[in-house]
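*Asks:*
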Amino acid sequence: MTRFSFPTWQRTWLTHAACVVALSVLGQSAAFALTPEQARALTMGDTDARVAALQQALAAPDEKTAAFMQAMADDAVKVNGTQVLIVREGKAFDPVSGLALALPDSAEDVINNNRMRGEIDAALSALQLLSPDAALRLAAANSVLKEPDPTKLAMLEKALASEADAGVKKQMQLAHAALLLNSTKPEERLASAKTLADSQTPDTQLLLNQRLSQEDNKQVRQQLELSLHTIQAALNWGEKLGALFTGISLGSILLLVALGLAITYGLMGVINMAHGELMMIGAYATYVVQGLFRHYLPGMFDAYLLVAVPASFLAAALVGAVLERLVLRHLYGRPLETLLATWGISLMLMQGVRSIFGAQNVGVENPSWMSGGVQLLANLSLPYNRLVIIGFALFVLVGMTLLISKTRLGLFVRGVTQNRPMASALGVNTARIDTYAFSLGCGIAGLAGCALSQIGNVGPDLGQSYIVDAFMVVVLGGVGQLAGTVYAAMGLGLMNKLLEGVAGAVLAKIAVLIFIIVFIQKRPQGIFAMKGRSAEA
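Quick note, the working numbering runs 24 ahead of the 1-based positions in the sequence shown.
1) Does the distance from the CB of E132 to the CB of V111 come in under 7 Å?
2) Tell me the start and end of each unbroken alpha helix (DSSP H) in the segment 61 to 147 that is at least 4 residues and wholly inside, in chain order.
3) Name the residue from G114, V388, I468 and I538 whose alpha carbon lies nearest to the alpha carbon of P128.
4) Along the chain, which unbroken stretches of the alpha helix (DSSP H) at least 4 residues long are found entirely within the segment 302 to 355?
5) Return helix, strand or coil for P445, following the three-state DSSP convention.
6) Give the single residue among A147, S273, G323 and V313 whose Cα lies nearest to the Cα of L330.
7) Per the DSSP calculation, G404 is bridged to which residue(s)?
8) Going straight from the alpha carbon of S216 to that of L401, what length do you get?
9) Rounded to whole angstroms, what is the Cα-Cα separation between G483 and P548?
10) Look at the alpha carbon of L154 and the alpha carbon of A188, and state the distance between them as a whole number of angstroms.
11) For the alpha helix (DSSP H) that D227 lies in, which residues bound it at each end?
12) I'd like to check one pair, M93 with A164: are the Cβ atoms closer than 7 Å?
13) According to the neighbour-count rule (16 or more other Cβ atoms, all chains shown, within 10 Å of its Cβ), is I135 buried or exposed?
14) Can the beta-carbon of A282 be found closer than 7 Å to that of K521?
15) Take W367 and list the residues in its own chain whose beta-carbon comes closer than 8 Å to its own, dropping the five residues that flank it on each side.
16) Within its chain, find whatever has a CB closer than 6 Å to the CB of T362; leave out the 5 residues flanking it on each side and keep chain order.
17) Please report how far the alpha carbon of G473 lies from the alpha carbon of A341, in whole angstroms.
18) Taking all protein chains shown into account, do 16 or more other C-beta atoms lie within 10 angstroms of the C-beta of G550, making it buried, or fewer, making it exposed?
19) Which residue's Cα is closest to the Cα of L231: L204, A309, E211 and D240?
20) So what does V386 bridge to, in DSSP terms?
21) Indicate the three-state DSSP secondary structure (helix, strand or coil) for I544 in the structure shown.
22) Looking at A335 and L476, is the spacing between their C-beta atoms short of 7 Å?
23) Just verifying my parser: in three-state terms, what is the DSSP assignment at E187?
24) Return the CA-CA distance between T310 and A332, expressed in angstroms with no decimal places.
25) Where V412 and A461 are concerned, what is the direct C-alpha to C-alpha distance, given to the nearest angstrom?
26) Once you ignore the five residues that flank R161 on each side, which residues in its own chain have a CB closer than 8 Å to its CB?
27) Would you grab the beta carbon distance between R353 and D485 for me? Rounded to a whole angstrom, and I think it's under 8 Å.
28) Within its chain, find whatever has a CB closer than 6 Å to the CB of A563; leave out the 5 residues flanking it on each side and keep chain order.
29) From the DSSP output, in three-state form, read off Y490 for me.
30) Give every residue of the same chain whose Cβ lies closer than 7 Å to the Cβ of D145, excluding the five residues on either side of it in the sequence, and list them in chain order.
31) Sorted by chain position, which residues of the same chain lie with C-beta nearer than 8 Å to N403's C-beta, five sequence neighbours on each side aside?
32) Going by beta carbon distance, what residues of the same chain come within less than 6 Å of L373, once the five residues before and after it are set aside?
33) Would you give the residue range spanned by the alpha helix (DSSP H) that A469 belongs to?
34) According to DSSP, is R432 helix, strand or coil?
35) Helix, strand or coil for E171 per DSSP?
36) Which same chain residues end up closer than 8 Å to Q384 when comparing Cβ atoms and leaving out the 5 residues on each side of it in sequence?
Laid out in structure tokens, this is it:
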């Protein structure tokens, strides 16, 4: 099939063509058609006179006026003496009759200053109230509600009279109330204040507060205060639910980060200070996969994350296997030396990444299906990327739990970590199981890095921001206890975000740290104590 490419001016014009079609359908009378005098008034004279002419045209717009306004917005209007022309791709047309004309050499461009451009853009936005596209009408109604302009009242009332979509009509009614909020009639202001109580947005709250500061009618003032109270109550709920969601989101990230550490530290007893750098490797693996898809498979770019997830796991797991084989297996049972060795390895990994990718952060783009969010309330939006990460954390948790508790590998890992001599006596290759377990923990760290790449930039210092929190989660939950890791991650995430709203980010961090210190003093084994023979060892 042949694909057509439109010139730039045509693509811009098509954006607003729906407005013209709507005006045609409404069947404006010839008395309101664009005249040569109106065209001259819109293009000649001082800005005040041109703005007045524009507002007069908006009171009863027709399709030719809409097309002429679009031409003005596109800087496609010229004047030659008293003659006004629309010029597209070197061809001149009469704005009233639409007939082709010769383009005089003496024709001059119409100059629109910033104020005039703003008025033209506002007029084109208002014309969308009559668009056959419900989405455009809804957007136009929201625009009027946010910035009520009395000159749009006639057009809004016309659109409201013919609106059939219930959702769009409700927004138009709210916009109509916003326009009448400053009416000279107290009864209209009273009705507007009642109606606007249903528009529970910060913008409407600002409009009502501005009206309240000027209102002298007692009954209207009482209604304004009541509407403001209703809106504030709804906004408070939005803020509380937003803090709750943010806390759950942070908790899911901490859970992803801490799950790998729950194996390497909780089960194996290895204090791995390079855990954050293994997350960084997973994030950079995601960045590399993104680049490969963008270069070789641009048409399938939205699917790159499906490849990046296993790639980030394998990259981090492979690095972890190398570290365990070359370094850590010689240091088991010596936690201080393990800590120092992994800290040195973390510095080497960071420098290696800086040498390969540079010291600057790199950007990882969300697939289109992770862009945007769910708008639950006026001040509460749940981003898709955060929702996906919460679901991904649950998926990894379930997968890891099943792996540890239901598979042969999980049985061997539990057996080796709880009683290494007995497992060896039963024929288990403990050295291989150590490598598998450590690689698994590192691979999960890589998955955490992949998830973190979807909510922020990727850089060499990515893991440094989370390593301390990850250790706190594992210690608080109980060493070797996956259930405790889940409770601790979610609890710390929620506590952090709820305290931030009261005391600020820094004091919230301090309060959480003090809580953990006090809790560990009272209960050194964490939320869940390890049971069985491993607890007695």
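Ideal placement from N, C-alpha and C gives every residue a C-beta, glycine not left out. Since the structure is predicted, the reported quantities are computational estimates derived from the model, not experimental observations.
*Replies:* Reading from the atomic positions:
1) no
2) 71 to 83 and 87 to 97
3) G114
4) 328 to 350
5) In the three-state scheme derived from DSSP, where H, G and I count as helix and E and B as strand, P445 is classed as helix.
6) Nearest in C-alpha terms to L330, of all of A147, S273, G323 and V313, is V313.
7) The question names Gly, but residue 404 is Leu in the sequence shown. According to DSSP, which records beta bridges pairwise, L404 is partnered with L401.
8) 21 Å
9) Taking the straight line from one Cα to the other gives about 35 Å.
10) 12 Å
11) P226 to Q238
12) no
13) exposed
14) No Cβ-Cβ contact shorter than 7 Å links A282 with K521.
15) In its chain, beyond the 5 residues on either side, M297 and A298 have a beta carbon closer than 8 Å to the beta carbon of W367.
16) V294, I295 and L355
17) 12 Å
18) buried
19) L204
20) V482
21) helix
22) In this structure, A335 does not lie closer than 7 Å to L476 by Cβ.
23) coil
24) 5 Å
25) Their Cα atoms are separated by approximately 27 Å.
26) Q152, L153, L154, S155, A183, E187, D189, V192 and M196
27) Between D485 and R353 the Cβ distance is about 28 Å, and since that is not below 8 Å, they are no contact.
28) Residue 563 lies beyond the range of the chain shown here (25 to 561); nothing can be said about it.
29) coil
30) Cβ neighbours of D145 beyond the five flanking positions: A97.
31) Excluding sequence neighbours, N403 sits near T225, P226, L259, G262, E263 and G266.
32) E301
33) T454 to L476
34) helix
35) coil
36) Hits under 8 Å: G483.
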